[in-house]
Amino acid sequence: RRRFLLAVLVSGAGLIMMIGEWTHVPIATSWEIVWMAALSGIVVFGVGVKFLRMAFAAARRGILNQHVLLSFGALGGYAAGLVGIFDRPLPAADFFGAAAFLMTYHTLSSFVAGLVRTRASQAVRKVLELQPDTARIVRDGQELEVPVAQIVIGEQVRVRAGERIPLDGEVLDGVASIDESMVTGEPLPVTKRPGASVIGGSTDTDGMLLIAVTTLAAQSFVARVAREVEAAKALKPAILVLVERILLIYVPTVLTVAATVLLGWTAYGVMHGGIDWTRVAFATLSVLVMGYPCALGMATPLAMIRGGGEAAQRGILMRSAEAFQVLKDVRIVVFDKTGTLTLGRPKVLAATSDEAVRLGASLERFSRHSLAEAIVDYARHRSLEPPEAQDFREEAGHGVAGTIDGERVLAGSLRFLREQGIEVPEGAAAELPPAATIVGIAREDRLLGTIALGDAPRPEAADAVAHLKAQGVESVMITGDNERAARAVAASVGIDRVIAHALPQEKAERVRELQRGGVRVAMVGDGINDAPALMQADAGIAMGAGTDIAIESADVVMMARSLDAVPDVLDIARRSYGKTVQNLVLAFTFNGVGIPIAASGLLYPAWAMVAMAASVTTVLFNSFAGRLVKGTAS
295 RRRFLLAVLV SGAGLIMMIG EWTHVPIATS WEIVWMAALS GIVVFGVGVK
345 FLRMAFAAAR RGILNQHVLL SFGALGGYAA GLVGIFDRPL PAADFFGAAA
395 FLMTYHTLSS FVAGLVRTRA SQAVRKVLEL QPDTARIVRD GQELEVPVAQ
445 IVIGEQVRVR AGERIPLDGE VLDGVASIDE SMVTGEPLPV TKRPGASVIG
495 GSTDTDGMLL IAVTTLAAQS FVARVAREVE AAKALKPAIL VLVERILLIY
545 VPTVLTVAAT VLLGWTAYGV MHGGIDWTRV AFATLSVLVM GYPCALGMAT
595 PLAMIRGGGE AAQRGILMRS AEAFQVLKDV RIVVFDKTGT LTLGRPKVLA
645 ATSDEAVRLG ASLERFSRHS LAEAIVDYAR HRSLEPPEAQ DFREEAGHGV
695 AGTIDGERVL AGSLRFLREQ GIEVPEGAAA ELPPAATIVG IAREDRLLGT
745 IALGDAPRPE AADAVAHLKA QGVESVMITG DNERAARAVA ASVGIDRVIA
795 HALPQEKAER VRELQRGGVR VAMVGDGIND APALMQADAG IAMGAGTDIA
845 IESADVVMMA RSLDAVPDVL DIARRSYGKT VQNLVLAFTF NGVGIPIAAS
895 GLLYPAWAMV AMAASVTTVL FNSFAGRLVK GTAS
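For the sequence shown, my numbering begins at 295 and goes up steadily by one.
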């Protein structure tokens with residue numbers, strides 16, 4: 295920023311002197327040209343020394359990039375100005391001015407790119423600020439305040455009402471309502487009891503908790519989010535790689551055109567009895583100025599970084615810049631059901647017998663599935679004491695099995711029970727709610743009873759699906775649940791296509807089937823069983839408070855657990871890509887039209903600078919004009 299401000303001040307003073315020379319108004323008397331040379335030298339060799347070194351380093355490696363082209367233009371203009379001091383027909387002021395303004399605009403493009411990157415990370419930095427610097431740890435019954443960075447996994451941290459939780463952990467003692475809105479976007483406080491996980495940066499609104507730290511500060515949720523954003527800024531989408539490849543051809547072409555113009559006008563002068571050195575200098579320098587790809591180099595990064603910044607403001611983190619290019623072409627969005635389309639807090643709606651609940655809870659307490667937790671909670675509330683179980687075994691997506699009092703007990707889907715040889719009558723779940731997920735409990739070879747569980751759809755799910763449909767995107771629901779329960783949930787949110795009975799390993803195959811024919815597919819999920827499908831999809835979208843495996847498998851992370859963000863991110867991706875294409879067309883148009891005019895030698899270098907400035911200004915205005923998304927995530 296300091297470099298840019300210095301360049302603007304010095305170039306502004308030079309512009310005043312140039313205007314004085316054009317209008318024949320004396321500003322610096324006889325020393326005017328000397329002052330112009332000094333001011334231009336400060337910008338070219340002072341402010342621009344960094345870019346000159348970069349150009350020299352590239353040229354030494356045989357690379358002709360935009361820094362090399364910039365150096366030819368700036369140094370060529372300054373050299374022509376020095377010649378003009380002693381050869382008055384050459385307008386030294388124009389050449390000095392062209393050199394200074396060329397370097398100033400390059401400094402501007404560098405400054406703006408840095409400024410936009412900074413703005414794109416502001417939302418994430420606010421999240422990082424939520425993590426306190428110190429925390430109270432409990433050692434030998436005593437509380438000690440220590441820096442968060444020094445806390446190790448397993449240490450116990452005391453958090454009181456009104457304080458922020460310093461690190462991710464598990465509640466050991468106490469009950470409190472936790473406000474996670476600043477981290478996950480959830481508007482309502484969540485009650486945390488012993489055994490519950492808590493996220494560092496969230497706020498304890500009431501009660502006191504004793505928490506066992508499960509992650510170090512460097513690996514915490516908010517720290518991981520920050521790293522993902524920084525990594526995303528470093529990655530280059532395919533279109534940016536394409537632009538850089540074009541520049542590797544474009545820059546040598548412009549230098550070749552400039553050399554051809556120099557030799558051509560010189561040869562023309564020799565053939566016609568006299569070389570017009572003013573025209574030769576004007577034509578050559580004007581080609582270098584008009585050909586300088588300042589706007590072209592800014593076209594793609596500005597649009598992409600602007601899109602990433604607007605996404606971050608809505609709690610959407612783009613883990614890769616390539617995601618912009620993929621998401622713009624998505625035509626199918628696949629939603630996992632439990633925890634994604636639904637709230638992920640299932641409850642027992644009905645049970646055919648207390649004995650089934652008691653035995654089910656005995657097995658399910660060893661599982662971390664949300665349905666298992668609901669059954670265990672239901673048994674606790676009904677004061678049903680689960681017996682001890684041995685030989686616990688879990689088959690992901692199917693059910694659980696174990697031995698209780700010497701008898702084999704199974705708990706799982708009715709399909710799972712049938713596969714295990716249990717006779718399940720066709721009407722076993724007929725009297726249970728139609729939208730319920732059914733868990734059957736079997737002892738030995740006999741069905742003991744069934745438990746019906748329900749999970750309410752997210753309140754914003756129907757609107758999100760409707761917005762996707764308006765964008766021409768089809769929504770598909772995939773679940774390991776039974777067909778009846780899946781259809782009921784899908785109908786409530788407006789989804790027509792349902793894939794039920796999909797095991798974790800089958801979800802990726804179902805996504806692969808949807809991709810046949812070149813259709814771009816995005817997958818939205820939050821659980822461990824969603825990870826293969828998230829990896830298989832063209833774009834994986836993970837709910838921010840989901841499992842680490844799901845987040846690591848995704849291209850986009852929605853910190854705000856709101857499905858409104860799904861149509862928003864598609865809208866941002868499409869509009870960002872559209873801005874990129876518009877910027878490239880504008881930049882190439884200015885350069886394509888301007889270079890032939892500059893080659894004629896009729897264009898003053900100062901006017902070439904005006905045209906180049908107009909090109910940059912147009913790209914900047916187009917990048918920041920308008921909003922990239924119509925909707926607003928909750």
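We put the beta carbon where it would ideally sit given N, CA and C, even for glycine.
If you draw a straight line from the alpha carbon of L504 to that of V469, how long is it in whole angstroms?
If I take the Cα positions, the gap works out to 9 Å.
Exercise for the section: Pair every Cβ in the region 664-676 with every Cβ in the region 848-860, then say whether three or more of these pairs are closer than 8 Å. Expected result: no
Can you tell me the Cβ-Cβ gap for W585 and V548, rounded? I've got them flagged as a contact below 8 Å. As written in the sequence, residue 585 is Gly, which differs from the Trp given in the question. Confirmed, Cβ separation roughly 3 Å.
Can you say whether G840 is buried or exposed, counting buried as having 16 or more other CB atoms within 10 angstroms of its CB?
Low confidence applies to G840: its pLDDT is 48, below 50, so where it sits in the model is not reliable, and the reading given next is rough at best. With 16 or more Cβ atoms within 10 Å of its Cβ, G840 is classed as buried.
**Message:** Beta-carbon within less than 8 Å of E437's beta-carbon, same chain only, minus the 5 sequence neighbours each way: which residues are those?
**Reply:** Excluding positions up to five away in sequence, the list reads R430, I431, R452.
query = Distance, Cα to Cα, I789 vs V642?
reply = 25 Å
Helix, strand or coil: which one does DSSP assign to S909?
helix
Inset, instruction - Would you kindly report the start and end of the unbroken beta strand (DSSP E) that includes I379? - result: Element bounds for I379: not the beta strand (DSSP E) but the alpha helix (DSSP H), 360-380.
Q.
My output table needs one value for A833: the three-state DSSP class, helix, strand or coil.
A. Reduced to three states, the DSSP call for A833 is strand.
Exercise for review: To the nearest angstrom, report how far apart V694 and V818 are at their CA atoms.
Suggested key: 26 Å
What I want to know is whether the C-beta of L762 ends up closer than 7 Å to one or more non-hydrogen atoms of the ligand SAM.
Within the structure as shown, the ligand SAM is missing, as the structure has no ligands at all.
Evaluate R454 with the Cβ neighbour count: other Cβ atoms within 10 Å of its Cβ, from every protein chain shown; 16 or more gives buried, anything less gives exposed. It is exposed - the Cβ of R454 has fewer than 16 other Cβ atoms within 10 Å.
Distance CB(V537)-CB(I626) smaller than 8 Å: no
ask   = Cα separation between L396 and S334?
value = 10 Å
Report all residues from its chain with a CB closer than 6 Å to the CB of S769; omit the five preceding and five following residues, and keep chain order. V627, V759, L762, I789
Review point. Tell me which same chain residues have a C-beta within less than 6 Å of the C-beta of F576, skipping the five on either side of it?
Key: Once the five neighbours on either side are set aside, the close Cβ partners of F576 are G895.
_Taking the straight line between their C-alpha atoms, what separation do you get for S928 and V787?_
Confidence is the limiting factor: at S928 the pLDDT is only 39, short of 50, which leaves the residue's position unreliable, though a coordinate-based value still follows. Going from the Cα of S928 to the Cα of V787 covers about 17 Å.
Checklist entry - The alpha helix (DSSP H) spanning T572 covers which residue range? => result 571-585
- Query: What whole-angstrom Cβ distance do V442 and L461 have, given they're in contact under 8 Å?
  - Reply: 6 Å
- Message: Beta-carbon within less than 7 Å of P861's beta-carbon, same chain only, minus the 5 sequence neighbours each way: which residues are those?
- Response: A758, H761, L762, Q765, G925
Fill in: Test item: CB-CB of K801 and A597 under 8 Å
No, the Cβ-Cβ distance between K801 and A597 is not below 8 Å.
By Cβ distance, which residues of its chain are closer than 7 Å to R868, with the 5 residues on each side in sequence left out?
-> Same-chain partners within the cutoff: K622.
Next on the checklist: If I follow the unbroken beta strand (DSSP E) through S471, where does it start and stop?
Outcome noted: Per DSSP, S471 belongs to the beta strand (DSSP E) from 470-473.
Practice problem: Figure out for me which residue from G494, L590, F366, L897 has the closest Cα to the Cα of P426. | Solution: In terms of CA proximity to P426, G494 leads the group G494, L590, F366, L897.
- Below 8 Å between beta carbons: does that hold for G734 and L726? no
Starting from R712, trace the beta strand (DSSP E) both ways and give me its first and last residue. According to the DSSP assignment, R712 belongs to no beta strand (DSSP E) but to the alpha helix (DSSP H) extending over 708-713.
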